[in-house]
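The UniProt record's numbering applies: residue 1 is where the sequence shown begins, and numbers increase by one.
Notes follow the structure.
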Amino acid sequence: MMTRFAPVLAWWDGLSSREQVMMAVLGALAMILLVSLLIIQPLLGAHDRARDSYAASMRLYRAVEADADTVQALAAAAPASTAPAQSLRAVAGSMALRHDIALARMVPGEDGRLTVNIDRAETAAILAWLVDLDRRYGIRAQASTLDRDADGFVSASFVLSRGGA
1 MMTRFAPVLA WWDGLSSREQ VMMAVLGALA MILLVSLLII QPLLGAHDRA
51 RDSYAASMRL YRAVEADADT VQALAAAAPA STAPAQSLRA VAGSMALRHD
101 IALARMVPGE DGRLTVNIDR AETAAILAWL VDLDRRYGIR AQASTLDRDA
151 DGFVSASFVL SRGGA
């Protein structure tokens, strides 16, 4: 193994002691630069992204938590009538809670429609939810997208409106 490094050792021995010190300092600086660029900077960047992602998740969690009390109160009230006084958002949220469906997002449209996104739920629960919305409140899906995951779960997006409009 020493034969591989023989030319390097011969070169090193040919340097003066002052040149050897300068080369050692240069090597140490190069190592510090490499460690910084290849290890420390990527780790700091990943840490910053993780911190930002966590902060965004906490903001979303707090918003969902704040709306959860309202949705639970609506679910407990169990309205038997199709009173139009309830917003489309409140009805969809309370019915989803009854069917054990976690709604990821509800975005109201200017035309009275509501776009609902579901990240992961059982297919049967989503279909029962849609049937219940139609039968009890006259709320229908105007557009839908379902993507099948594994084990009978789907992610879905619906555009809901009252009375099929």
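The beta-carbon is built from N, C-alpha and C at its ideal position, and this holds for glycine as well.
For clarity, every value in this text was computed on a predicted model and none was experimentally measured.
- [ ] Starting from Thr-145, follow the alpha helix (DSSP H) in both directions and report where the run begins and ends.
- [x] Element bounds for Thr-145: not the alpha helix (DSSP H) but the beta strand (DSSP E), 139-148.
TODO: Please confirm if the segment 128-137 is in contact with the segment 102-111, defined as three or more CB-CB distances below 8 Å between the two stretches.
DONE: no
Task: Other residues of its chain near Ala-121: CB distance less than 6 Å, five sequence neighbours each side excluded - done: Ile-101
Open item on the list: Spatial neighbours of Pro-108 within its chain, please: C-beta separation below 7 Å, excluding the five flanking residues on both sides.
Closed with: Arg-89 and Leu-114
Open item on the list: DSSP three-state label for Arg-98, please.
Closed with: helix
TODO: Using 10 angstroms around the beta-carbon of Ser-144, count the other beta-carbons present and answer buried if the total reaches 16, otherwise exposed.
DONE: exposed
Open item on the list: For Asn-117, which residues in the same chain have their Cβ closer than 6 Å to its Cβ, ignoring the five residues on either side in sequence?
Closed with: Ala-104, Arg-105 and Ser-157
Task: Val-159 versus Ile-40 - alpha carbon distance - done: 47 Å
- [ ] Mind checking which residues open and close the alpha helix (DSSP H) that includes Glu-19?
- [x] 17-35
Task: Assigned secondary structure, Asp-111 (DSSP; H/G/I helix, E/B strand, else coil) - done: coil
Task: Leu-160: first and last residue of the uninterrupted beta strand (DSSP E) it sits in - done: 153-162
- [ ] For Arg-148, collect the residues of the same chain with a Cβ closer than 7 Å to its Cβ; drop the 5 residues on either side in sequence, then sort them by chain order.
- [x] Val-154
Task: Cβ-based neighbour list, Val-91, same chain, cut-off 6 Å, excluding 5 preceding and 5 following - done: Tyr-137
Open item on the list: I need the straight-line Cα distance from Asp-69 to Gln-142, nearest angstrom please.
Closed with: 28 Å
Task: Exposure label - Ala-6; buried when at least 16 CB within 10 Å - done: exposed
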